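Asker:
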Amino acid sequence: MAEFSVDPQRQKAAEESNKAYKEASEIAATQLFPTHPIRLGFALNYSVYFYEIMNDPDEACRLAQTAFDDAISRLEHLSEESYKDSTLIMQLLRDNLTLWTSDPERDVLLICWFSYCHGYIHLGSHCLSSLTIIYSKT
591 MAEFSVDPQR QKAAEESNKA YKEASEIAAT QLFPTHPIRL GFALNYSVYF YEIMNDPDEA
651 CRLAQTAFDD AISRLEHLSE ESYKDSTLIM QLLRDNLTLW TSDPERDVLL ICWFSYCHGY
711 IHLGSHCLSS LTIIYSKT
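Start counting the sequence shown at 591; every next residue gets the next number (my numbering).
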């Protein structure tokens, strides 16, 4: 609803969506391993919600990076039957982070290497992994 509604219905739908996402986030965090495909898929959807609906790339990046890092740190707990789904969703999280942290308007080359590190560097309205190499022509 929040994607295609117009104000004020859009705002109401976005708020209701956020409330539902918050509740689901609490359940996922307490009942599913960080590597579980449902938890990863939820994090992917919630991060896209922040990026596209709420226009909050910092929160979208924080959420996607945290889900990715938490899953990476628990890969040894990944079951064989979940491996393919989980790693595919992790790749999508990483792809979104790469897309969201590039800024062609600033003519900046960003080479992102996502790691176990939980620190972030902020560049404008975009969050970056702390192991990001930044090169600017200006």
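Note that CB positions come from ideal geometry on N, CA and C, so glycine has one too. This one's a predicted model, so the numbers in the text were calculated from it and none came from an experiment.
(1) Comparing C-alpha positions only, which one of Gln601, Thr691, Ser676 sits nearest to Leu630?
(2) Would Phe640 be called buried (16 or more neighbouring beta carbons within 10 Å of its own) or exposed?
(3) Considering just the uninterrupted stretch of the alpha helix (DSSP H) at Met680, what are its terminal residues?
(4) Which one of Val638, Ala614, Arg664, Ile643 has the shortest CA to CA distance from Arg684?
(5) Work out the CA separation of Pro598 and Gln681 for me, nearest whole Å.
(6) Starting from the C-beta of Glu606, find all residues in its chain whose C-beta is less than 7 Å away, skip the five residues before and the five after it, and write them out in chain order.
(7) Give me the Cβ distance between Tyr636 and Tyr611, rounded to the nearest whole Å; I'm assuming they're in contact under 8 Å.
(8) Measure how close the beta-carbons of Phe632 and Ala618 come, nearest whole angstrom, since I'm counting them as under 8 Å.
Answerer: To lay it out plainly:
(1) Ser676
(2) buried
(3) 670 to 691
(4) Val638
(5) 35 Å
(6) none
(7) 5 Å
(8) 5 Å
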